[in-house]
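Those letters in the sequence shown? Residues 40 to 235, by this note's numbering.
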Amino acid sequence: MSAVTSLTGRGIPLLRDDIDTDRIIPARYLRCVTFDGLGEHAFEDDRKQDPKHPFDDARFQGASILIAGRNFGCGSSREHAPQSLMRWGIHAVVAESFAEIFFGNCTSLGIAAVTCDRASLSRMAAHISQQPQSELTVSLVNLQVMCGGETFACDMPASARDALVSGQWDFLGQLLENIPGVQSTAETLPYMSSFA
Numbered sequence: 040m041s042a043v044t045s046l047t048g049r050g051i052p053l054l055r056d057d058i059d060t061d062r063i064i065p066a067r068y069l070r071c072v073t074f075d076g077l078g079e080h081a082f083e084d085d086r087k088q089d090p091k092h093p094f095d096d097a098r099f100q101g102a103s104i105l106i107a108g109r110n111f112g113c114g115s116s117r118e119h120a121p122q123s124l125m126r127w128g129i130h131a132v133v134a135e136s137f138a139e140i141f142f143g144n145c146t147s148l149g150i151a152a153v154t155c156d157r158a159s160l161s162r163m164a165a166h167i168s169q170q171p172q173s174e175l176t177v178s179l180v181n182l183q184v185m186c187g188g189e190t191f192a193c194d195m196p197a198s199a200r201d202a203l204v205s206g207q208w209d210f211l212g213q214l215l216e217n218i219p220g221v222q223s224t225a226e227t228l229p230y231m232s233s234f235a
C-alpha cells in the first residue's frame, strides 16, 4: 500500500452538477466479471449525446485530475463508477461536493476526492480550458489545489485524508497482509468450526 500525499497532472473540466453513477458508467457495464476495460466506457452515453464532452476532447486526453460540480457521484452506490474513472486515468477528483458512498468508494481505491468552493472550481475549469497542457497539484498534506499559479484551499474528511496520507486506504490489502492474524482469529470463533 502506498501513501497518497500529493497528485500532479493535467486537468479535465466537467463542472456540472448532480452527475450520477449511471452517467459515469452506464448500467449495461455492471455485468462485468472484472473491472478491466471499464475506463473506455466512462461517460459513454453522455459522450454519444454530446460530441463536445470533455472526455472526448483531444485537449484533455491523458488528464488525471477531474474538476466537477456539486453532488458528484450521486445515485446508485456502484463501485464501477470510480473504477471506470480510475481506469480512464483519473487519480483525483476536485468537486463542490460528493455523494457519500461514491466518496467512500474513491477513498478505498486511492482516488483523492477533495472539495472546493464553486468560485475556485470555476477559476480552475476556466484555466484548464484555456491552457489544457498546464498541470495541477492536489496536496492532501496541505489541503490545497495549485492551478495556474493560484493556490486554492480544499477540504476532505479527516478519516479519509489520514487513510490516504498514511497509505492505509487499501483495506483489502491490509487484510491480505495479515492472513496469519485472520486465520488465528478465525480459529478462536466457535461458529467457524462448522466451516473447517
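Where a beta carbon is used, it is the ideal one built from N, C-alpha and C, also for glycine.
Could you tell me the distance, in whole angstroms, from the CA atom of residue i to the CA atom of residue j?
{"i": "alanine 66", "j": "glycine 143", "result": "20 Å"}
{"i": "serine 168", "j": "glutamate 139", "result": "28 Å"}
{"i": "glutamate 135", "j": "isoleucine 106", "result": "9 Å"}
{"i": "glycine 220", "j": "cysteine 193", "result": "38 Å"}
{"i": "valine 204", "j": "leucine 179", "result": "7 Å"}
{"i": "alanine 225", "j": "glutamine 213", "result": "16 Å"}
{"i": "valine 177", "j": "isoleucine 218", "result": "34 Å"}
{"i": "aspartate 96", "j": "glycine 112", "result": "21 Å"}
{"i": "glycine 48", "j": "leucine 175", "result": "6 Å"}
{"i": "histidine 80", "j": "glycine 188", "result": "33 Å"}
Can you tell which of the options has its C-alpha closest to the C-alpha of residue i?
{"i": "glycine 206", "options": "Pro196, Thr146 and Met195", "result": "Thr146"}
{"i": "arginine 240", "options": "Pro52, Leu124 and Phe94", "result": "Nothing can be reported for residue 240: it is not among the residues displayed for the chain, which extend from 40 to 235."}
{"i": "cysteine 71", "options": "Phe99, Ser123, Ser41 and Cys186", "result": "Ser123"}
In terms of residue numbering, what span does the alpha helix (DSSP H) encompassing residue i cover?
{"i": "proline 236", "result": "Outside the displayed range of the chain (40 to 235) lies residue 236, so it cannot be described from this structure."}
{"i": "arginine 62", "result": "60 to 63"}
{"i": "threonine 73", "result": "Where threonine 73 is concerned, there is no enclosing alpha helix (DSSP H), given that its DSSP letter is neither H nor E."}
{"i": "valine 132", "result": "First-last for valine 132: 131 to 134, but that is the beta strand (DSSP E), not the alpha helix (DSSP H)."}
{"i": "alanine 218", "result": "Before going further, note that residue 218 is isoleucine rather than alanine in the sequence given. It spans 218 to 227 - the alpha helix (DSSP H) in which isoleucine 218 sits, taken as one unbroken run."}
{"i": "leucine 160", "result": "157 to 169"}
{"i": "glycine 10", "result": "The question about residue 10 has no answer, for the chain in this structure spans 40 to 235."}
{"i": "glutamate 174", "result": "Here glutamate 174 belongs to no alpha helix (DSSP H); instead the beta strand (DSSP E) covers 174 to 178."}
Please report the Cβ distance between residue i and residue j, rounded to the nearest whole angstrom; I am assuming they are in contact, meaning their Cβ atoms lie under 8 Å.
{"i": "alanine 120", "j": "serine 103", "result": "Contact flag wrong, Cβ pair sits at about 17 Å."}
Which full runs of the beta strand (DSSP E) of 3+ residues lie inside the stretch 184 to 210, going along the chain? 189 to 192
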